[in-house]
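Presented below is the structure to which this report refers.
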Amino acid sequence: MMEVFVDTSALYAVLDRDDVHHGEAGQTWSALLDDLARGAARCRTHSGVIVEASALVQRRLGMRALRALHDRLLRVVDVTWVDADLHGRALSALLAAGSRDVSLVDWTSFELMRERGLEAAFAFDDDFTAQGFARWQPRSAEATP
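Mapping of the sequence shown onto the working numbering: position 125 corresponds to residue 125, and the numbering continues sequentially without gaps.
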């Protein structure tokens, strides 16, 4: 069974009809739900993503979308709660990188993915591929040349 990391960028794109990735995000989310239902995949995120996505959705899309985020999308995602160790490793990585372009939330995601051996992320943030992670694609899209 494949475990897929779910990023803020994907959650937001599923909810925001005006997001440039909305159509692809909806199709990808639907395929991921199919894989979940068949037991072929699991979804994982961390509490920092939940905080980040909640703040973004609440501010930009409103309370109805925030409810949809929590009641529909996040209900099928396993959450790792960021502890002091994970936070410390992510902060160290951020400071070592010396770049202001990648957030602490993203570094936390990368550290968690490495810790758990996750290879793919449902994300539209290019920082995941820059860190060596694959972008999760539905099986039918993977077979497409």
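The beta-carbon is built from N, C-alpha and C at its ideal position, and this holds for glycine as well.
Only a predicted model underlies this, so the values are computations on that prediction, with no experimental measurement involved.
Please look up how many angstroms separate the CB atoms of residue i and residue j, rounded, as I've assumed it's under 8 Å.
i: Arg42; j: Asp78; result: 6 Å
i: Val105; j: Gly48; result: 4 Å
i: Leu148; j: Thr8; result: It is not possible to answer for residue 148, since the shown part of the chain is limited to 1 through 145.
i: Leu33; j: Ala53; result: Incorrect: roughly 18 Å between the Cβ atoms, too far for contact.
i: Leu112; j: His46; result: 5 Å
For the alpha helix (DSSP H) that contains residue i, what are its first and last residues?
i: Asp78; result: Note, Asp78: premise wrong, no alpha helix (DSSP H); beta strand (DSSP E) at 77 to 80.
i: Phe122; result: Per DSSP, Phe122 belongs to no alpha helix (DSSP H); it is in the beta strand (DSSP E), 120 to 122.
i: Phe128; result: 126 to 130
i: Arg59; result: 47 to 61
Between which residues of its own chain and residue i is the CB-CB distance below 7 Å, once the five residues before and five after are set aside?
i: Leu73; result: Leu11, Val14
i: Ser129; result: The amino acid occupying residue 129 in the given sequence is Thr; Ser does not appear at that position. Excluding residues within five positions, the ones whose Cβ falls inside 7 Å are Arg135.
i: Arg17; result: none
i: Gly26; result: Val14
Helix, strand or coil: how does DSSP classify residue i here?
i: Arg67; result: helix
i: Val4; result: strand
i: Ala40; result: coil
i: Arg100; result: coil
i: Arg114; result: helix
i: Arg17; result: coil
Which stretch, first to last residue, makes up the beta strand (DSSP E) that contains residue i?
i: His22; result: Careful: His22 lies outside any beta strand (DSSP E), inside the alpha helix (DSSP H) at 22 to 37.
Going by the beta-carbon positions, is the gap between residue i and residue j smaller than 8 Å?
i: Ala121; j: Trp107; result: no
i: Arg44; j: Leu91; result: no
Taking only heavy atoms of the ligand COA into account, decide whether any of them is closer than 7 Å to the Cβ of residue i.
i: Arg60; result: With respect to the ligand COA, the structure offers nothing, as it holds no ligand at all.
Within a Cβ cutoff of 8 Å, which residues of the same chain sit near residue i, ignoring the five residues on either side of it in sequence?
i: Val76; result: Leu33, Leu36, Cys43
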